[in-house]
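Working notes, structure below.
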Amino acid sequence: MVEVRLEKVTKKFKELVAVNGLTLTVKDGEFLVLLGPSGCGKTTTLRMISGLETPTSGRIFFGDSDVTYLPPKDRNISMVFQSYAVWPHMTVYENIAFPLKVKKYPKNEIEQRVKWAAELLQISELLKRYPSQLSGGQRQRVAVARAIVVEPDVLLMDEPLSNLDAKLRVMMRAELKKLQTKLKVTTIYVTHDQVEAMTMGDRIVVMNQGKLLQVGPPTNVYLKPNSLFVATFIGSPEMNIIDASITERKDGLYIEGSGFVLRLTDDFRDLLRDYIGKDIYLGIRPEHMTVRGVSTLEHVNKSAEIEGLVDFVEALGTDTIIHTKVGDNIIKIKIPGHVPLPIGENIKIEVDLDNVHIFDRKTEKAII
Amino acid sequence: MKTKYLPYLLILPAGAYLLFFIGYPLVQAIYLAFTQNGHFTLANFHRAFSNSMFFQALKFTLALAIVIIPIQVVLALVLALIMMNTFKGKDWVLYALIIPLTISDVAGGLIWYTMLSDAGFLNKLLLNLGLISQPIHFFGYQYRTMEFLAIVLEEIWRSTAIVFVIILAGLQMISREYIEAAEVFGAGYWTRLRKIVIPMLKPSIQSALIIRTLFAMQIFGAVWMLAGRDIPVLAGEGYYQLTFIKDYSVASIYALAIAMLSIVLGALYVKFLKAPYLEVGE
Amino acid sequence: MNDETKYFLTRLGIYTFLFTFVLWVIVPIIISTLYAFSTRLDYYNMNKVIPTHFTTEWVKTILFTLGGWQGIKNSIVVALMTIGISFSLGIPAGYAIAKFIFPGKDSIKLSIIALRMFPIPVMAIPLVILYIHLHLIDTLFGVALAHTAMALPFVVLITSSIFAGVSKDFEEAALVFGLNRFQSFLKITLPLALPGLAAAAMFTFVMSWNEVFVASILTLKNRTLPAQILSIMAGSSGGAAPPYYKFAAAFIMTFPALIFVFFARKYLVTMWGITLK
Chain A
575 MVEVRLEKVT KKFKELVAVN GLTLTVKDGE FLVLLGPSGC GKTTTLRMIS GLETPTSGRI
635 FFGDSDVTYL PPKDRNISMV FQSYAVWPHM TVYENIAFPL KVKKYPKNEI EQRVKWAAEL
695 LQISELLKRY PSQLSGGQRQ RVAVARAIVV EPDVLLMDEP LSNLDAKLRV MMRAELKKLQ
755 TKLKVTTIYV THDQVEAMTM GDRIVVMNQG KLLQVGPPTN VYLKPNSLFV ATFIGSPEMN
815 IIDASITERK DGLYIEGSGF VLRLTDDFRD LLRDYIGKDI YLGIRPEHMT VRGVSTLEHV
875 NKSAEIEGLV DFVEALGTDT IIHTKVGDNI IKIKIPGHVP LPIGENIKIE VDLDNVHIFD
935 RKTEKAII
Chain B
4 MKTKYLPYLL ILPAGAYLLF FIGYPLVQAI YLAFTQNGHF TLANFHRAFS NSMFFQALKF
64 TLALAIVIIP IQVVLALVLA LIMMNTFKGK DWVLYALIIP LTISDVAGGL IWYTMLSDAG
124 FLNKLLLNLG LISQPIHFFG YQYRTMEFLA IVLEEIWRST AIVFVIILAG LQMISREYIE
184 AAEVFGAGYW TRLRKIVIPM LKPSIQSALI IRTLFAMQIF GAVWMLAGRD IPVLAGEGYY
244 QLTFIKDYSV ASIYALAIAM LSIVLGALYV KFLKAPYLEV GE
Chain C
215 MNDETKYFLT RLGIYTFLFT FVLWVIVPII ISTLYAFSTR LDYYNMNKVI PTHFTTEWVK
275 TILFTLGGWQ GIKNSIVVAL MTIGISFSLG IPAGYAIAKF IFPGKDSIKL SIIALRMFPI
335 PVMAIPLVIL YIHLHLIDTL FGVALAHTAM ALPFVVLITS SIFAGVSKDF EEAALVFGLN
395 RFQSFLKITL PLALPGLAAA AMFTFVMSWN EVFVASILTL KNRTLPAQIL SIMAGSSGGA
455 APPYYKFAAA FIMTFPALIF VFFARKYLVT MWGITLK
């Protein structure tokens, strides 16, 4: 168990910059999730930590030792691959025992450890089978057992759940998290699925186009996204992004957009001083709004009201998403429970001003 | 209802054709081998076996296979492993390596005659480099060992490409993650090769071995060009019996000997090289 | 020795080996081509490793005096007939194996794979008797029929994998829009499979072009090129053909094949991978 540190790590494949000046510390025993769309550089980052790729520049440390150019075998790491990479020509037992055999563990210890790992992942009765006789979920368990059997310093996982069906994925998500908490192994987990990131990670790293955008605990990243990209990448349904501008009137600051005017409380004034009279993006998450008369927002200090027209209603069972026309904008509102609003109805929307986001038009960085 | 029979109907012409062209000659060969003027007899076998050429041919056919095939498999494996790397000019190297695939055994024999004849390239080169003072004789009955060597060289030159291509295709089908997984879990290059790559390549190596061995049982053109009947082989003797002696029965016995050898060797390979993980049910 | 030098030396060793092997493959081809056009004096001059005086006499003699040209024409006719027959029989079978699921499919496929390895001499020798009865002996059509038997298993396997590579969705889309199965095959699958089929045809061509045993046994006067050369070089005359004729013959036989690999080089590895698996 060890701390992993990346310092200004860059990886180029010919002209393509896959990872660009990444600096990051993974704490000892932490479950860190690398989150981003495909091609954002998260898998390349993981592969550099594993030693399968070598950085073009920058350094990687495990604790105090520089491992930048060490081959994987000298790093005491383990990995769970996206396709599991459970070797088809070996039985489950041989698969799990492989890392131990390579590291020349004594025979009785190999047996003990394989037994231990197999029990932990509930695959003890499968040890004699070949991978072709296993289901996808079982293969995944073999891959995880193989990865933890040596008690690695760092456990790497590359989208390990993406090949499972939805139900199994939810189950394995919880199990992997429990397993990691129990083993306290430093874990770096790559995924493009924000739900996995939110539910599993101690901290999330959001990446895009080879760059690190934001690091932090899941709720932090969710509630305080530092850029337009992070704001829209995390959360489902996506955050509403509305073209708007900040205006000043006698009685205070307003956000104005097509079909709505939001009065801001005075405490926004300091933050928005430079943006008065300028265009911005307004971001509001669907669950931070409600329809007056249908439900109320909880724990809200400040709120504002705008008017809209019901355009379309998505009933999800537990929630209802109401697509509302406000001027030229379509704004999604998420309300718990079943809310059968008729299409075309005029509604009053209540907005939670504590959870309003404002982004700079040019830099797309968060102002609030 | 109609579609139920459609696939069979589509396969029928090809199936019938193959059945006829392979079944009929087989039956005919057996008939020719066991009869004379329409009567059952073993005299043909007596005639074939009492001629020392039969066992000579059997001996040389097998000896050539035993010498050539292991060299080819090792060479092909090494080449294929190298070709899994990326490097400059890889396309051209691949082109060069597969050229011999399209060269016939007769042409191969002739090309190697150019290389090895008394006034051929090798002798002239070595003479001019001062490494030898007399040409090395490769051809003629009194130099049969050298003729054997010439055939071995030609076959390694010409038909290693088949083995190479089969093994390369097999290598390319092994997912990279399998090998990377072994790397992550601490296996060095040789361990990965021994424990992951070669075991997973077993089916490809097996088919390469079977194909090469069966073709080796039919070796003819190159031998005929380089050594004639100095080095007798089964297919060559069959050809000789048929076209020069016009003894259809003995020629058929040679053909049957090739068929028997092919079946026995093929079965042996399948039996001894099976991969247990491919046998288990889903 | 540190890791970097070790790494460098390993690389060096590997590429030296590769380079040597490539030389070993191409030098004989280059040399035999040069020798094919070498004058007699240059050939017998022991001090001349590489000839410097050239003549087309040997190639011309093989082609026009010794029947090489006729052999080439015969070879092409036989190869084209072989492609024609084996494709018209093989494409439906390949299509069936690629696109249908039916009982016995695996055993049929396995038998075809096994038949591909059936020894050619076994087929050819008894065939002579049949051909004499059917008056097919010494005809190009007869040789093509035998070559078809040799090529057909390959054609079925190659075409089935080519058709399997054409997504079922394309064809089903055509079915939805009102074409029947045969039309959708003709209009959708076949055009998409065409490049692969062209490579397969070249492959079949070379197979037939190179085959010598069957062609030698089944013909006497109407010989294909390899059969003709076999009889010139090592025929009843006892193999007394002068060496430079042998080189010329090798050149004539090899040249078309070289061009073939050049055009089909991209497909060759996958194709052999398919057929030999």
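Sequence lines, in order, name chains A, B and C. The opening position of the first sequence corresponds to residue 575 in our numbering, with each subsequent residue numbered one higher. The opening position of the second sequence corresponds to residue 4 in our numbering, with each subsequent residue numbered one higher. The opening position of the third sequence corresponds to residue 215 in our numbering, with each subsequent residue numbered one higher. Yeah, the Cβ is synthetic: ideal placement off N, Cα and C, and Gly gets one too. In this text the structure is predicted, and so the values were computed from the model without any measurement.
> residue 679/A versus chain B: which residues are under 7 Å apart at the beta carbon?
Replying inline: What residue 679/A touches in chain B: nothing, since even the nearest Cβ is about 11 Å away.
>> Helix, strand or coil, according to DSSP, for residue 682/A in the structure here?
In response: In the structure shown, residue 682/A sits in a helix (DSSP, three-state: H, G or I).
> Would residue 88/B be called buried (16 or more neighbouring beta carbons within 10 Å of its own) or exposed?
Replying inline: Answer is exposed; the Cβ neighbour count stays below 16.
> Can you give the Cα-Cα distance for residue 935/A and residue 802/A, rounded to whole angstroms?
Replying inline: One alpha carbon belongs to residue 935/A, the other to residue 802/A, and they sit about 9 Å apart.
> In chain order, what residues of the same chain lie with their CB nearer than 6 Å to the CB of residue 598/A, ignoring the 5 residues before and after it?
Replying inline: Within the same chain, and ignoring the five residues on either side of residue 598/A in sequence, the residues whose Cβ sits closer than 6 Å to its Cβ are 580.
> Who are the neighbours of residue 131/B on chain C, taking C-beta pairs under 7 Å?
Replying inline: Neighbours of residue 131/B on chain C, chain order: 261, 263.
> For chain C, is any of its Cβ atoms less than 8 Å away from the one on residue 118/B?
Replying inline: Taking Cβ atoms only, chain C reaches closer than 8 Å to residue 118/B, which makes this a yes.
> What do you get for residue 919/A, buried or exposed, if any count of 16 or more other CB atoms within 10 angstroms of its CB means buried?
Replying inline: The residue is exposed, with fewer than 16 neighbouring Cβ atoms inside 10 Å.
>> Once the 5 residues before and after residue 344/C are set aside, which same chain residues still bring their CB inside 7 Å of it?
In response: The answer is none, since no qualifying residue turns up.
> Run through DSSP, which three-state label would residue 1/B get?
Replying inline: Look at the range of chain B in this structure, 4 to 285, and you will see that residue 1/B is not part of it.
> What does DSSP give as the partner residues of residue 818/A in its beta bridges?
Replying inline: Paired residues: 831/A, 854/A.
> What distance in whole Å lies between the Cβ atoms of residue 253/B and residue 51/B, which are believed to be in contact at a cut-off of 8 Å?
Replying inline: Right, their Cβ atoms sit about 5 Å apart.
> When we look at the beta-carbon of residue 75/B and count the other beta-carbons within 10 Å, is it buried (16 or more) or exposed?
Replying inline: Classification for residue 75/B: buried.
>> Tell me the residue span of the beta strand (DSSP E) that contains residue 881/A.
In response: Its beta strand (DSSP E) spans residues 877–889.
> Thinking just about the alpha-carbon of each residue, which of 813/A, 937/A, 840/A, 903/A is nearest to the one in residue 929/A?
Replying inline: The residue with the shortest Cα to Cα distance from residue 929/A is 813/A.
>> Measuring straight from C-alpha to C-alpha, what distance separates residue 172/B and residue 260/C?
In response: Taking the straight line from one Cα to the other gives about 44 Å.
> Below 8 Å, can you find three or more Cβ-Cβ pairs linking the stretch 397–413 of chain C to the stretch 372–385 of chain C?
Replying inline: Judged by Cβ distances under 8 Å, the stretch 397–413 of chain C makes contact with the stretch 372–385 of chain C, as three or more pairs qualify.
>> Could you compute how far the alpha carbon of residue 398/C sits from the alpha carbon of residue 388/C?
In response: In this model, residue 398/C and residue 388/C are separated by some 6 Å (Cα to Cα).
> Of all Cβ atoms in chain A, is any one closer than 8 Å to the Cβ of residue 83/B?
Replying inline: It does not; no Cβ of chain A falls within 8 Å.
> Taking the alpha-carbon positions, what's the residue 417/C to residue 355/C distance?
Replying inline: Whole-angstrom Cα-Cα distance: 20 Å.
> Between the stretch 615–649 of chain A and chain B, which residues of the former have CB atoms less than 9 Å from a CB of the latter, in chain order?
Replying inline: Under the 9 Å Cβ criterion, the stretch 615–649 of chain A contributes 621, 624, 625, 626, 645, 646, 647, 648, 649.
> By the criterion of Cβ-Cβ separation under 7 Å, what are the contact partners of residue 661/A in chain B?
Replying inline: Against chain B, a Cβ distance below 7 Å from residue 661/A picks out 181, 199.
> residue 629/A: which of 710/A, 607/A, 584/A, 856/A sits nearest, CA to CA?
Replying inline: Minimum Cα-Cα distance from residue 629/A among the listed residues 710/A, 607/A, 584/A, 856/A corresponds to 584/A.
>> Please identify, using Cβ separations under 9 Å, the residues of the stretch 185–213 of chain B that lie next to chain A, in order along the chain.
In response: When C-beta distances to chain A are compared with 9 Å, the residues of the stretch 185–213 of chain B below that value are 185, 186, 187, 188, 189, 190, 191, 194, 198, 199, 202, 203, 205, in chain order.
> Which chain B residues are close to residue 372/C, counting only those with a beta carbon under 7 Å from its beta carbon?
Replying inline: Going along chain B, no residue has its Cβ under 7 Å from residue 372/C, so there is no contact; the nearest lies around 13 Å.
>> So the candidates are 725/A, 724/A, 747/A; which of them puts its Cα closest to the Cα of residue 733/A?
In response: Residue 733/A has its Cα closest to that of 747/A, out of 725/A, 724/A, 747/A.
> In chain B, which residues lie with their C-beta within 9 Å of the C-beta of residue 746/A?
Replying inline: Neighbourhood of residue 746/A in chain B, by CB distance below 9 Å: empty, with the nearest CB roughly 19 Å away.
> Given residue 326/C, which residues of its chain have a CB within under 6 Å of its CB, disregarding the five upstream and five downstream residues?
Replying inline: Only 367, 370 meet the Cβ criterion.
> If we cut at 8 Å on Cβ distances, does residue 41/B have a partner in chain C?
Replying inline: So no, residue 41/B is outside the interface.
> Using a Cβ-Cβ cut-off of 6 Å (strictly less than) and excluding sequence neighbours within five positions of residue 158/B, which residues of its own chain qualify?
Replying inline: Result list for residue 158/B: 71, in chain order.
>> Assuming residue 616/A and residue 781/A are in contact, meaning their beta carbons sit under 8 Å apart, how far apart are those beta carbons, in whole angstroms?
In response: About 5 Å separates the beta carbons of residue 616/A and residue 781/A, which is inside the 8 Å limit, making them a contact pair.
>> Please state the DSSP three-state secondary structure of residue 579/A.
In response: Of the three classes helix, strand and coil, the one that applies to residue 579/A here is strand, per DSSP.
>> Please report the straight-line C-alpha distance between residue 386/C and residue 926/A, rounded to a whole angstrom.
In response: Linking residue 386/C to residue 926/A through their CA atoms gives a straight-line distance of about 51 Å.
> Is there at least one Cβ from chain A nearer than 8 Å to residue 53/B's Cβ?
Replying inline: The C-beta of residue 53/B comes no closer than 8 Å to any C-beta of chain A.
>> Assuming residue 325/C is part of the alpha helix (DSSP H), what are its boundary residues?
In response: 319–329 is the extent of the alpha helix (DSSP H) around residue 325/C.
>> Give me the chain F residues within the contact set of residue 280/C, using Cβ-Cβ distance strictly less than 9 Å, ordered along the chain.
In response: Checking the listed chains, one finds no chain F in this structure; the protein chains it contains are A, B and C.
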